[in-house]
Structure formats: structure tokens, C-alpha cells
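Asks:
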Amino acid sequence: MKDVNVPALVVFVLFFLLVTAMGFLASRWRRADDAAHLDEWGLGGRSFGTWVTWFLLGGDLYTAYTFVAVPAAVYASGAAGFFAVPYTIIAYPLVFLFLPRLWSVSRVHGYVTPADFVRGRYGSRPLSLVVALTGILATMPYIALQLVGIQAVLDVLGVGGGANANWFVKDLPLFIAFGVLAAYTYSSGLRAPALIAFVKDALVYIVIIVAVVYIPIRLGGYGHIFSAAADHFKQTRAGSLTVPDNKQWTYATLGLGSAMALFMYPHSVTGVLASKSRNTVRRNMAIMPAYSLMLGLLALLGFMAIAAGVGGGVKGFNAQLSVPQLFADMFPDWFTGVAFAAIGIGALVPAAIMSIAAANLFTRNVYKEWLKPAATPADETRIAKLVSLLVKVGALVFVLGMDKQAAINLQLLGGLWILQTFVAIVGGLFTRWFHHWALFVGWAAGMVYGTWKAYGIASPATKHFGGNAAEIPGIGEIGYIGLTAFALNLIVAVALTLVLRVVKAPDGPDETKPSDYSAEAGDDELENAPEPVAAH
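My numbering applies: residue 1 is where the sequence shown begins, and numbers increase by one.
#1: With H, G and I counted as helix, E and B as strand and the rest as coil, what does DSSP make of Phe335?
#2: Roughly how many angstroms lie between the CA atoms of Tyr111 and Val105, to the nearest whole one?
#3: Give every residue of the same chain whose Cβ lies closer than 6 Å to the Cβ of Pro532, excluding the five residues on either side of it in the sequence, and list them in chain order.
#4: Are there 16 or more other CB atoms within 10 angstroms of the CB of Trp370, so buried, or fewer, so exposed?
#5: Check whether the Cβ atoms of Pro324 and Ile306 lie closer than 9 Å to each other.
#6: Thinking just about the alpha-carbon of each residue, which of Phe117, Pro244 and Thr497 is nearest to the one in Leu273?
#7: Excluding the 5 residues preceding and the 5 following Asp60 in the sequence, name in chain order all residues of the same chain whose CB lies nearer than 6 Å to its CB.
#8: Ends of the alpha helix (DSSP H) at Ile150?
#9: Taking the CB atoms as reference points, tell me whether Leu413 and Ala454 lie closer together than 9 Å.
#10: Name the DSSP bridge partner or partners of Gly78?
#11: Which word fits Gln248, buried or exposed, when buried means at least 16 other C-beta atoms lie within 10 angstroms of its C-beta?
#12: Answer with buried or exposed for Ile176, where buried requires no fewer than 16 other C-beta atoms within 10 angstroms of its C-beta.
#13: Measure the C-alpha to C-alpha separation of Ile143 and Leu154 and round it to an integer number of angstroms.
#14: Counting Cβ pairs closer than 8 Å, one from the stretch 436 to 450 and one from the stretch 482 to 493, do we hit at least three?
#15: From the DSSP output, in three-state form, read off Thr66 for me.
#16: Helix, strand or coil for Lys511? Go by DSSP, reduced to three states.
#17: Determine the DSSP secondary structure at Asp524, reduced to helix, strand or coil.
#18: Under three-state DSSP, which class holds Ser227?
#19: Measuring alpha carbon to alpha carbon, tell me which residue in Ser47, Thr63, Arg28 and Phe67 is nearest Phe327.
#20: Within a Cβ cutoff of 6 Å, which residues of the same chain sit near Gly311, ignoring the five residues on either side of it in sequence?
#21: Measure the alpha-carbon distance for Leu14 versus Lys200 and round it to whole angstroms.
#22: On the DSSP bridge assignment, give the partners of Val376 in chain order.
#23: Can you say whether Ile209 is buried or exposed, counting buried as having 16 or more other CB atoms within 10 angstroms of its CB?
#24: Let me know the secondary structure DSSP gives Phe12 once reduced to three states.
#25: Below 7 Å CB to CB, which residues in the same chain sit around Leu301 once its five sequence neighbours on both sides are set aside?
#26: Taking DSSP's pairing of strands, which residues face Ser275 in a bridge?
#27: Assuming Trp103 and Val281 are in contact, meaning their beta carbons sit under 8 Å apart, how far apart are those beta carbons, in whole angstroms?
#28: My guess is that Ser187 and Phe24 are in contact by the Cβ rule of under 8 Å, so how many angstroms apart are they, rounded?
#29: Going along the chain, which unbroken runs of the beta strand (DSSP E) with 3 or more residues stay wholly within the stretch 343 to 421?
#30: Would you decide whether Asp3 is buried or exposed? Buried here means 16 or more other CB atoms lie within 10 Å of its CB.
#31: Got a sec: is the Cβ-Cβ distance from Lys368 to anything in chain D below 9 Å?
#32: How about Thr139 and Ala485: do their beta carbons lie closer than 9 Å?
#33: Where do the N-terminal and C-terminal ends of the beta strand (DSSP E) with Glu477 fall, by residue?
#34: Where does Thr113 sit, in a helix, a strand or coil, going by DSSP?
#35: For Thr462, which three-state DSSP category applies?
#36: Check whether the stretch 454 to 467 and the stretch 220 to 238 touch, using three or more Cβ-Cβ pairs below 8 Å as the test.
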């Protein structure tokens, strides 16, 4: 049995208890006038200002898996793992163009999910349904990976029993963390992760700043770190300090495709729609790049883990443990507890938001749209709470019942899937030209092609879904499958729209008008608008 790091565990538990109390108390923070309404439970009353939104989005997008996986990728493959830094730099100017428009039209019409917008814009229930189901499908493995992040921390802490312990004892700490997460999310809704995000982000910044100063001092400086990493990659041939020429297309297309997919995820949109004003969204897109700076520093931990000898040359060492083990080896025990708390809380916040976003999608775009059109706002809230529990249970079962590599592969596949909603959502924010059936067929083409190509990729760890890059047809370079599938999606949607326009195929009704896309809270458009709709 692995020795338990008692001081680190005590600090970790104290922070965990703190955020647990905050999670339950959040139901009293900005208390809702009508708690039995999905706007309140699922969007925090659409009342979050600039700083709350900034911390919420930061807690939402920069997760425990980010904390673990980005430096793990650098540890395993070198510079290729840095793709996450340019993709976040690309993302914010890109989404600055369309997220304020999505916020405005959603505020006017009471949309809670991106699928609500698609339903209202194109008048198409089938298109709205596939956007919702794609969002849920892409979110599930993402939630599972947050639990993987917690498991990595618990493993290095030495809790949960040894390899020979029975399954219940071994996973008991994870069960406890899951139970607490489920309870306060059910009770407080989006207000819980919004409040806890302050603690999570503060811990993350503190830990990373200390790490990039303190660890290099112990290791002999950055010169030695980069030299050790270069020697390691030269010996193992597993990576390099620069992106090789034959990987340039993969690196660039993965960065661009990931940037386009980032704010298609339901949990990202949920954080945006919870903002109280259009200007709040615009300000956040201007200041969110501060997290990209943090992400660049975080990635350097992968090189530090190599220089520190983490893994000790053990064959088959799990790269996902490189950062937790680096902290355990380099920091005093008490600060190791602080660092592990940052990772653990960094899992709880996004897992809560993701489960809420998935629940909102199911409630609005499956349950109310297809199963019970007469559902009241109270019915919607009740169903959303129950679904948020089921989503977390599903993620827990997934983590406990499947290989961790499968969770990682499916999360990569989720990015490919969610990117296929880009044409319908972002295209609809600027034009009504696309025909809804063309968008549906384009989505299907992208989903089928991308999944098929990913299925055919093998790796040393798995026979299928072993990577996210393949040859780009017509170009011959190796690129991100998700972006190739998106290009096919767009081509099909454009071509089929032209055909449907020629044959004058009937279009669905558009319930929006041009002024909706620039409306601000308090504008005449909002003051004179009808009550937010619960379904269409």
C-alpha cells in the first residue's frame, strides 16, 4: 500500500470542506425571486457581472483535466503539447465576433441553450434536437475526465487503498467527492460553481506562479530544464522542443479546430448566457486571454517533470500523473496539499457546470420539445436537477468501468463532434441563408466522416480512436480530423442550400429579427419583448 501524505491530505480535505460549504451556501447568494425557474437554477438568474463571469468561465474552461493533461502532453511529446496555448489565443478574438450576438438574441427570446436558438432561428425541431444531443454527447466524456483528474490527485496522495484493496475501498474517496458535487449542484444550480470558481482560480494562479519560480530554482534554472528535456527527447525520440516539419499541419489545424470548438460546448455557452449584459460578454472576451498566459506557464511544468526525473524511466509510467507527482516531489507537504486542492477543486467547478449545461439541453430541447410540451417552469427545473444527477452518475460509471485511455479518446472525439454544430449556430447568428435541411445533412456528413476516420486510427494503447489526425483529402498533409469534417459539413450545407433554394423548398419560420442580435439588457427590444419562452 502506498504511504499516505498526511499533511498534504489534511490541507486538501480542508479546502474541499471549504468549497463544499460554499457550494451549499451559494443557494442564498443572489437569492432568486423564483427559484423554481430554469433561468435561475440553470443560468444563475442571468445576473452575473464581469468578474463573476470571468471567474466562472475560467473555472469552466480551464479544468482539472487542463491542469493535468496539458503538461502531461508536453511531458510525453514536447512542443506539440503546447497547441493548447495558441488555440486559446485564437479563440477569444474569434468568439468576440459572435458571442455578444448570441447573448443578445438569447436574452430577448429567453433562450437557455444553443439548441433553443437553432430552433428559433431555423424553425426546425430536428435540427435543434441533433444540436442538443451532440452537446450532451460531447459533454459526457468531458465530465468523466474531471473525475479522472481527481483520481490522479488521490492516487499520488496515497488514499483509497492499494492495488489489492477491494473496489469500494479503493474508490471511496471518489464516491465522496462525487456525492458532495451532486448534492450542492442539485441544491444551488449554477450559483454553486460560480461562487466556488473564485477559490479555484485563486488557488490555480497561486500554485502556478509559485511553481514556475520555485521549482526551477530547485532544479538549477530554466536552462537546465530545457537542456534536460532536449536530452530526454533525443534519447527516447518521443518528442522534441520544437514542432517537427511533418507535424506543422497537425499542430496548426488542431489549434484552429479546437479554437472554433471551444465555445460550441454547452458549458461554455451556459457561462456566457449567465452574464447580465452584452457588454459583460464583450469585456470578458477581452480579458480572458489572461488565462492563456497562465496556460503557457502551466505547460512548462511538463518540461520540469522531465528535468526532475518524474517517472524515473519506468516503462509505461502514466503521463497523467506527471504534474501531481512533480508537486509531491518538489513542494513541501503542506503546499502539495494546496496544489492538489487546486486540481481537485478545478475538477468540481467544471463538472458542475457541464452537468448543468447537459441538463439544460435535455430539459429544454428533448423533454419539453418532444416529450412534455405542457411542462411548467417548475417542471423544467425539477427535470433539469434530476438529469444533472444522472449525467454525473453516468460519468462516474464511465470512469470506474472503462479504461482511462478510453475516456481521453472519447473526449478528443467530443471536440470533433461539437465542432459540427458550428455551422448551424454561428452561421445562424449572421445569416438566415442556410436551409435547415442542408444544415442537418451537413451536420450528419461531418459527424459520420469524422467518427469513421477517428475509428480507424490505432495507437500503442488502443486499436480504435487512437488519435485525432489523419490525411486531409486533396491536400495530402496530416491534419486535425475535426477541422476536415467541419469543412465537409460546410461544403455540404452550402451546396445543398443552393439546390433547395433553386427548387424553392419551404423554409421554417424565423422568430428572430435583426435588432435582436444587438439588443442590450434594458433596451426597448427587451422591455417590449414577451415573457421568455419555455418552448417553441
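We put the CB at the ideal spot given by N, CA and C, even for glycine.
Replies: Checking against the coordinates, here is how it stands:
#1: The DSSP-derived three-state label of Phe335 is helix.
#2: Going from the Cα of Tyr111 to the Cα of Val105 covers about 8 Å.
#3: Summary for Pro532: the model assigns pLDDT 45, below 50, so the residue's position carries little reliability; its value from the coordinates is reported in the next sentence. If we look at Pro532 and ignore the five residues flanking it on each side, its Cβ neighbours are Gly110.
#4: Exposed, since its Cβ has fewer than 16 Cβ neighbours within 10 Å.
#5: The answer is no: Cβ separation not under 9 Å.
#6: For Leu273, the closest of Phe117, Pro244 and Thr497 by C-alpha to C-alpha distance is Phe117.
#7: The residues are His267, Gly271, Pro350 and Ile353.
#8: Looking at the DSSP string, the run of the alpha helix (DSSP H) that includes Ile150 is Arg125 to Leu157.
#9: Yes, the pair counts as a contact, with Cβ atoms nearer than the cut-off.
#10: Beta bridge pairing from DSSP links Gly78 with Ser240.
#11: Around the beta-carbon of Gln248, fewer than 16 other beta-carbon atoms lie within 10 Å, marking it exposed.
#12: Ile176 comes out exposed.
#13: Counting only the Cα atoms, Leu154 lies some 17 Å from Ile143.
#14: Contact between the stretch 436 to 450 and the stretch 482 to 493 is present, because at least three Cβ pairs lie under 8 Å.
#15: It is helical.
#16: Sequence check: residue 511 is Glu here, not Lys. Looking at Glu511 - three-state DSSP - the assignment turns out to be coil, as it is neither helix nor strand.
#17: With a pLDDT of 43 at Asp524, under the threshold of 50, the predicted position of this residue should be treated as unreliable, and no value is reported.
#18: Three-state DSSP puts Ser227 in a helix.
#19: In terms of CA proximity to Phe327, Phe67 leads the group Ser47, Thr63, Arg28 and Phe67.
#20: Contacts found: Phe317.
#21: Cα to Cα, Leu14 sits roughly 14 Å from Lys200.
#22: The residue you asked about is not Val; residue 376 is Thr in the sequence shown. Note: Thr376 sits in no beta bridge, so no partner.
#23: Flag for Ile209 reads exposed.
#24: It is helical.
#25: Within the same chain, and ignoring the five residues on either side of Leu301 in sequence, the residues whose Cβ sits closer than 7 Å to its Cβ are Pro71, Ala211, Val323 and Leu326.
#26: Its beta-bridge partners are Phe48.
#27: The beta-carbon separation of Trp103 and Val281, rounded to 5 Å, stays under the 8 Å limit for a contact.
#28: Correct: roughly 6 Å between the Cβ atoms.
#29: Residue ranges of uninterrupted beta strand (DSSP E) with 3 or more members are absent from the stretch 343 to 421; none lies entirely inside it.
#30: With fewer than 16 other Cβ atoms inside 10 Å of its own Cβ, Asp3 counts as exposed.
#31: Protein chains in the displayed structure number just one, and chain D is not present.
#32: No; because the gap between Cβ atoms is not below 9 Å, this pair is not in contact.
#33: Element bounds for Glu477: n/a, residue is neither H nor E.
#34: Coil at Thr113, not helix or strand.
#35: In the three-state scheme derived from DSSP, where H, G and I count as helix and E and B as strand, Thr462 is classed as strand.
#36: These segments do not touch.
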